[in-house]
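Peer 1: Have a look at this one.
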Amino acid sequence: MAKVVPYRDLKSADLVVDAVYEGEPGGQLAGEALSELLPGIGNLGGFRAAGTGDAKRFVVLHSSGADQDWPDYLDTTTGRFQYYGDNKKPGHELHETSPGGNRLLRNVFAWLHHDPPRRGDIPPFFVFEAHRTERSSRSFRYRGLAVPGAPGLPGTEDLVAVWKTFKGERFQNYRSVFSILDAPTISRRWIGDLAEGIRESPYAPGAWKEWVHTGRYRVLQAESTTTIRSPEQQVPETSEKRAILDAVWRHFQESPREFERFAAHLFALQEPKAVIDHVTRYSRDGGRDAVGRYRLGIQDDPVHVEFALEAKCYRPAVSGKPSNSVGVSDVSRLISRIRHRQFGVMVTTSAIGRQAYEEVREDGHPIIFICGKDIADILTAKGLNTVEAVRGLLDTEFPVG
């Protein structure tokens, strides 16, 4: 169970990875946790910087986890943190945001890639995510100390301006990549020195000092464990994403053949290196619905790994009616059809049943599960973040009836 630091102790608390820092009971903005925990930052926004001008003393990156248009993401197995900038609506130039978050991103990544690098000018970034507790809705979980860039990631890919459209208007925002350093605990003494503008502090963690002086990323990585998601964890979290999933299911519920085409398209959307060779002839026995290859290696001399994909357009648990889940027999058919050195993909609008999930993971079968939650997440991440946008895609590319 995660450590919970009560509001009364925040001013003297260290930062401990995955600890929860609790807001004042009552949920009032004045009693939110971050501004009490870290001196000199505000109590609103995703970017909260201490210091004036371009010379920031430290920066808090806060992710609500609920922004379906701009989904921040921390991969704990690699230590990479994807974070979007603050130009999230049309009407402004990329860097013309009142909090100044995109200007900050432009500066720190420019300093990172300067010749010679100016890492000493880059402030430490403390990553938090919203984490409601019983006592306060304005509590946060600390995810780690972040620095811009990542090992092996070129400068052309760690900060990218991406285009989006909102109500017919196009605009740009930044997608940035940070690394979470191997610093499980941040001393309150270092926080105090940073607040006073002391950059060369003896209380700074070793991984931070090493990165500043040498550029080496000593990343905090957590070994992957066997994941078995419960049926509840395979349902979209937000009402918007549940509506998107419901729209997909209703579109294909009488046309399973078209759902097979959509499932193949969805997997290729999620995995750009996947090539769908063909969607097989529809059969009611649950045979392979699509076959393809996954490209590995360099562009000029790739190696391909074949895969088989099956699609199940089952009722999801989003409409108030009983749902249907993918069972052991469904998964067993897919396993029996994949050959040596192949892998399988199961796509469903519903969920993978617990027994089927457990058997696949415990026996080590190379099966990728894409459930209802994943369908909504993939579509949203690709800019199809409203029911209207999804229906437009389905009616145009996958017409039924």
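When you read off a place in the sequence shown, starting at 1, and then add 228, the result is the number in my numbering. Using N, Cα and C, we set each Cβ at its ideal position, and we do this for glycine too. None of the values given here were measured: they were computed from a predicted structure.
Taking only three categories from DSSP, how would you classify Thr614?
Peer 2: In this structure, Thr614 counts as coil in the three-state DSSP scheme.
Peer 1: Within the continuous beta strand (DSSP E) that includes Gly372, where are the two ends?
Peer 2: Looking at the DSSP string, the run of the beta strand (DSSP E) that includes Gly372 is 368-376.
Peer 1: Tell me which same chain residues have a C-beta within less than 6 Å of the C-beta of Gly514, skipping the five on either side of it?
Peer 2: For Gly514, the predicted model reports a pLDDT of 46, less than 50, meaning its position is unreliable and no value from the coordinates is stated.
Peer 1: I believe Ser407 touches Ala378 by the beta-carbon criterion, under 8 Å. Please report the beta-carbon distance rounded to the nearest angstrom.
Peer 2: Right, their Cβ atoms sit about 5 Å apart.
Peer 1: Helix, strand or coil, according to DSSP, for Ala450 in the structure here?
Peer 2: Coil at Ala450, not helix or strand.
Peer 1: Whose CA, out of Tyr585, His441, Val573, lies closest to the CA of Ala502?
Peer 2: Checked all of Tyr585, His441, Val573; the closest Cα to Ala502 is Val573.
Peer 1: Spatial neighbours of His323 within its chain, please: C-beta separation below 7 Å, excluding the five flanking residues on both sides.
Peer 2: Around His323: Asn330, Arg331, Arg334.
Peer 1: Of the residues Ile606, Thr614, Val575, Thr608, which one's Cα is nearest the Cα of Phe597?
Peer 2: When each option's Cα is compared against that of Phe597, the closest is Val575.
Peer 1: If you draw a straight line from the alpha carbon of Gly348 to that of Leu409, how long is it in whole angstroms?
Peer 2: Roughly 16 Å between the two C-alpha positions.
Peer 1: Take the Cβ of Gly629 as the centre, count every other Cβ of all protein chains shown within 10 Å, and call the residue buried at 16 or more, exposed below.
Peer 2: Exposed: under 16 other Cβ atoms inside 10 Å.
Peer 1: In this structure, how does DSSP classify Phe353 when only helix, strand and coil are distinguished?
Peer 2: Three-state result, Phe353: strand.
Peer 1: What is the DSSP secondary structure of Arg619, counted as helix, strand or coil?
Peer 2: Arg619: helix per DSSP, three-state reduction.
Peer 1: When you compare the stretch 410-420 with the stretch 433-440, are there three or more beta-carbon pairs, one atom per stretch, that lie closer than 8 Å?
Peer 2: Contact between the stretch 410-420 and the stretch 433-440 is present, because at least three Cβ pairs lie under 8 Å.
Peer 1: So what's Asp314 in DSSP terms, helix, strand or just coil?
Peer 2: Looking at Asp314 - three-state DSSP - the assignment turns out to be coil, as it is neither helix nor strand.
Peer 1: Could you tell me the alpha carbon to alpha carbon distance between Leu494 and Ser367, rounded to whole angstroms?
Peer 2: Distance between the alpha carbons of Leu494 and Ser367: 36 Å.
Peer 1: Expressed to the nearest angstrom, what Euclidean distance is found between the alpha-carbon atoms of Val615 and Val507?
Peer 2: One C-alpha to the other measures close to 26 Å.
Peer 1: Between the Cα of Arg236 and those of Glu264, Ile426, Lys549, spot the shortest distance and give me the residue it belongs to.
Peer 2: With distances taken between Cα atoms, Arg236 lies closest to Glu264.
Peer 1: Could you have a look at Tyr522 and say whether DSSP puts it in helix, strand or coil?
Peer 2: The answer is strand: DSSP assigns Tyr522 an E or B state.
Peer 1: Any contact of the stretch 351-369 with the stretch 244-258, i.e. 3+ C-beta pairs under 8 Å?
Peer 2: Yes: the two stretches touch, three or more of their Cβ pairs being nearer than 8 Å.
Peer 1: Could you spell out where the beta strand (DSSP E) holding Gln583 opens and where it closes?
Peer 2: Segment 582-591 is the alpha helix (DSSP H) holding Gln583; no beta strand (DSSP E) there.
Peer 1: Tell me which residues share the same chain as Gly611 and place their Cβ nearer than 7 Å to its Cβ, disregarding the 5 neighbours each side in the sequence.
Peer 2: Excluding residues within five positions, the ones whose Cβ falls inside 7 Å are Lys392.
Peer 1: Quick one: residues in its chain with C-beta nearer than 7 Å to the C-beta of Ser240, no 5 flanking neighbours on either side, listed in chain order?
Peer 2: Cβ neighbours of Ser240 beyond the five flanking positions: Arg416.
Peer 1: I'd like to know whether the C-beta atoms of Lys395 and Ala604 end up nearer to each other than 8 Å.
Peer 2: Cβ atoms of Lys395 and Ala604: not closer than 8 Å.
Peer 1: Based on the DSSP output, what are the partners of Ala358 in its beta bridges?
Peer 2: In the DSSP output, where bridge partners are listed per residue, Ala358 has Phe368.
Peer 1: In terms of residue numbering, what span does the alpha helix (DSSP H) encompassing Thr442 cover?
Peer 2: Its alpha helix (DSSP H) spans residues 434-442.
Peer 1: DSSP state of Trp339, grouped into three classes?
Peer 2: DSSP places Trp339 in helix when its eight states are reduced to three.
Peer 1: Tell me Arg398's beta-bridge partners as DSSP assigns them.
Peer 2: Note: Arg398 sits in a beta bridge opposite Thr393.
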